[in-house]
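S.K.:
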Amino acid sequence: MKRKPGGYGWEVGGPNDEFHPNALEIEFQINETSIDSFDSPSGNASITIHGVDMHQIKTASRLVGSTVVLKAGMGKGLPLSNPNQTGEILNGTVLTAVGNWVGVAMDLTLYLSNHVIPPQDITFPTVEGVAKQIDSSKPRNTHYPFHCLRGQDLCQAIKLSLQRINPDYDTEFNVKDPVPAPEDLYGSYPNFTELCAAMSEFWHQATKKRLRIYPHGTVFSCYEEGRAEVTHDILFEELIGQPSWDGVANISFTTAMRGDLKVGDVIRLPLSDTPTPSGYGVISATGTEAIGLQRNRVLFSGTYLIIGISHLGQFRSPDGQQWASTFFCVPA
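Residue 1327, in the working numbering, is where the sequence shown stops; the numbers in between run on with no holes.
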């Protein structure tokens, strides 16, 4: 990001821009999760922009309700550069904007959702004593209905319900065949999160499997667990450190920043050509030579389903782990 020439604020740079030593410093932490459970977090992303001006700090509250799009990856000329791994890691709504001024340093922190929130769900703050107006051309929903008659396709009912709320979003399913509703399914819900949780429960009634609803960019990705059309290979040289346990059966692994993978994708960790005698994912070594041998191999292998992603970015940091993506997985 860089300052606008001759004016307040900043503008976003493009992929072909030359290196700009005065580009604004940006830090962010973004958690990508599905939104189909009642305990889904509403605010799970933060972006801090350093080097803003006084005008931006004074008018920070005006940004509430705005849509922020963030793309990330390893750009041209950087180690592990791969254009196919860059992509959109956030398309969300600003919930709170906070300006800060310490000494001569000014920064602006945005707290966001990981998806675009319908305008009628946003509580706008007052700006200079005058409440920010909501676009009256858009209908104000006080509840979120869902209705699917017995025998009708549940996929179409979910798609229509999601697009009624966010018309700018597309909806994708990894299920090709129609899923008939086992009975009349209907309900009215006070907010978007509860609607998504209810639709996931209706899907479970019809199929005995869990449907995950995950916003990625301007797409609602609806995937049934256990189905995978494409498996993405993770190369050994793309890993930062070794994969590790993250629960009884869950694992996590870290790579350089990438935006091509999303929740619901299936990944394949490379096979190790040396068996581990002490069990799956355990190093058994008697000397430094054995440890050095194992360091060149992945301790985990096989296919895993991504259930969560965390992006951590600070582009001026010399530490490679400050520009990284961590993926949380379960066996697929």
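Even glycine gets a Cβ: it sits at the ideal position worked out from N, Cα and C.
Exposed or buried, Q1316, counting other C-beta atoms within 10 Å across all chains shown (16 or more means buried)?
M.R.: Looking at its Cβ environment, which holds fewer than 16 other Cβ atoms inside 10 Å, Q1316 is exposed.
S.K.: Tell me the DSSP secondary structure of A1280 in three-state form.
M.R.: Residue confidence for A1280 is low, a pLDDT of 48 falling below 50, so the modelled location carries little weight; the figure read from the coordinates is stated next. Coil.
S.K.: Just to confirm the assignment, what range does the beta strand (DSSP E) spanning L1307 have?
M.R.: Counting along the chain, the beta strand (DSSP E) containing L1307 begins and ends at G1297 to Q1309.
S.K.: What does the Cβ neighbour count give for T1188, buried or exposed, with the cut at 16 atoms within 10 Å?
M.R.: Looking at its Cβ environment, which holds 16 or more other Cβ atoms inside 10 Å, T1188 is buried.
S.K.: Evaluate P1313 with the Cβ neighbour count: other Cβ atoms within 10 Å of its Cβ, from every protein chain shown; 16 or more gives buried, anything less gives exposed.
M.R.: Flag for P1313 reads exposed.
S.K.: Let me make sure I understand the geometry here. Which of I1246, L1256 and N1095 has the alpha-carbon closest to that of W1046?
M.R.: First, the amino acid is wrong: residue 1046 is Gly here, not Trp. Comparing Cα-Cα distances from G1046 to each of I1246, L1256 and N1095, the minimum goes to N1095.
S.K.: Hey, would you say the C-beta of R1205 is under 8 Å away from at least one heavy atom of the ligand NAD?
M.R.: Among the ligands in the structure shown, none appear at all, so the ligand NAD cannot be discussed.
S.K.: Since A1067 sits in a beta bridge, which residues does DSSP pair it with?
M.R.: Bridge partners of A1067: G1082.
S.K.: Within 8 Å, do at least three Cβ pairs link the region 1249-1263 to the region 1022-1034?
M.R.: Yes: the two stretches touch, three or more of their Cβ pairs being nearer than 8 Å.
S.K.: Rounded to a whole number of angstroms, what is the C-alpha to C-alpha distance between I1208 and E1220?
M.R.: The alpha-carbon atoms of I1208 and E1220 are separated by roughly 11 Å.
S.K.: Grouping DSSP H, G and I as helix and E and B as strand, with all else coil, what is P1162?
M.R.: If DSSP states are grouped into helix, strand and coil, P1162 belongs with coil.
S.K.: Going by beta carbon distance, what residues of the same chain come within less than 6 Å of G1212, once the five residues before and after it are set aside?
M.R.: Result list for G1212: E1083 and N1086, in chain order.
S.K.: Measuring only the C-alpha atoms, how far is G1060 from I1117?
M.R.: Their Cα atoms are separated by approximately 7 Å.
S.K.: In angstroms with no decimal places, state the Cα-to-Cα distance between S1076 and K1053.
M.R.: Answer to the nearest angstrom: the Cα atoms are 39 Å apart.
S.K.: Given Y1139, which residues of its chain have a CB within under 8 Å of its CB, disregarding the five upstream and five downstream residues?
M.R.: Answer for Y1139: S1156, I1160, S1183, Y1184, P1185, N1186, F1187, E1189 and L1190, listed in chain order.
S.K.: Alpha carbon to alpha carbon, what distance is there between I1021 and W1318?
M.R.: W1318 and I1021: Cα-Cα distance of roughly 11 Å.
S.K.: For C1324, list the residues DSSP reports as bridge partners.
M.R.: C1324 pairs with I1246 and I1301.
S.K.: Given that a residue counts as buried once 16 or more other Cβ atoms are within 10 Å of its Cβ, and exposed if not, what is T1226?
M.R.: So T1226 counts as exposed.
S.K.: P1326 and S1296 look like a contact to me (Cβ under 8 Å); what is the Cβ gap, rounded to whole Å?
M.R.: Going by Cβ atoms, the distance from P1326 to S1296 rounds to 11 Å, so no, they are not a contact pair.
S.K.: Just how far apart, CA to CA, sit N1169 and M1069?
M.R.: If you take the alpha carbons of N1169 and M1069, they lie about 28 Å apart.
S.K.: Take the Cβ of P1238 as the centre, count every other Cβ of all protein chains shown within 10 Å, and call the residue buried at 16 or more, exposed below.
M.R.: Result: buried.
S.K.: Assuming contact is defined by CB atoms lying nearer than 9 Å, are D1228 and C1324 in contact in what I supplied?
M.R.: Not in contact: D1228 and C1324 (Cβ atoms no closer than 9 Å).
S.K.: Look at the alpha carbon of A1092 and the alpha carbon of S1108, and state the distance between them as a whole number of angstroms.
M.R.: Whole-angstrom Cα-Cα distance: 12 Å.
S.K.: If you run the structure through DSSP and keep just helix, strand and coil, what is Q1151?
M.R.: Three-state result, Q1151: helix.
S.K.: Using the Cα positions of N1017 and L1058, report the straight-line distance between them to the nearest angstrom.
M.R.: Rounded to whole angstroms, N1017 to L1058 spans 24 Å at the Cα level.
S.K.: Considering only C-alpha positions, which residue in the set A1201, T1202 and L1206 is nearest to S1195?
M.R.: Comparing Cα positions, the closest option is L1206.
S.K.: Using C-beta distances below 6 Å, list every residue in its chain close to Y1218, excluding the 5 sequence neighbours before and after it, in chain order.
M.R.: Same-chain partners within the cutoff: N1169, R1207 and G1259.
S.K.: Which first and last residues belong to the alpha helix (DSSP H) in which I1052 is found?
M.R.: M1049 to K1053 is the span of the alpha helix (DSSP H), which, as asked, contains I1052.
S.K.: Within this structure, are the beta carbons of V1214 and E1178 separated by less than 9 Å?
M.R.: No. Outside cutoff.
S.K.: Candidates F1141, D1172 and P1173: which alpha carbon is nearest Q1158's?
M.R.: Residue F1141 is the option with its Cα nearest to Q1158.
S.K.: Please name the residue in D1148, T1298, A1201 and P1210 whose C-alpha comes closest to that of F1248.
M.R.: Checked all of D1148, T1298, A1201 and P1210; the closest Cα to F1248 is T1298.
S.K.: Using C-beta distances below 7 Å, list every residue in its chain close to N1079, excluding the 5 sequence neighbours before and after it, in chain order.
M.R.: So the list reads D1255, once near-sequence residues are dropped.
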